[in-house]
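S.K.: Dropping a structure here in structure tokens format, bear with me for questions.
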């Protein structure tokens, strides 16, 4: 595990696993903001999914890369507020 993540997961217990359906609610299900204080929403949780072609992993990976870049900048500056993470959805 990555050293930044390890403290959050060590000693944790898996409570559930399984395959899930593809969340699809169209344009109106996409969150207005995909960032907040200390969080970003990526992949299908952010509405980045193309149900007709069953493509989601590509969008999830790309949105994850974009989010990681913004998170890195926010951590470097010490500002993980919504304003510090706003560049992810700009």
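Numbering (our numbering), first residue to last: 6 to 95. Just so you know, even glycine gets a beta-carbon here, dropped at the ideal spot from N, CA and C.
Measuring only the C-alpha atoms, how far is residue 34 from residue 19?
M.R.: Cα-Cα distance, rounded: 29 Å.
S.K.: Determine the contact status of residue 85 and residue 79, defining contact as a CB-CB distance below 9 Å.
M.R.: Yes, the Cβ-Cβ distance between residue 85 and residue 79 is below 9 Å.
S.K.: Residue 56 and residue 76: beta carbons closer than 9 Å?
M.R.: Contact flag unset, no.
S.K.: Helix, strand or coil: which one does DSSP assign to residue 31?
M.R.: Coil, per DSSP.
S.K.: Taking its Cβ as the centre, do 16 or more other Cβ atoms sit within 10 Å of residue 49, making it buried, or is it exposed?
M.R.: Looking at its Cβ environment, which holds 16 or more other Cβ atoms inside 10 Å, residue 49 is buried.
S.K.: In chain order, which beta strand (DSSP E) runs of at least 3 residues are fully inside the stretch 39 to 64?
M.R.: As far as the stretch 39 to 64 is concerned, it has no whole beta strand (DSSP E) run of at least 3 residues.
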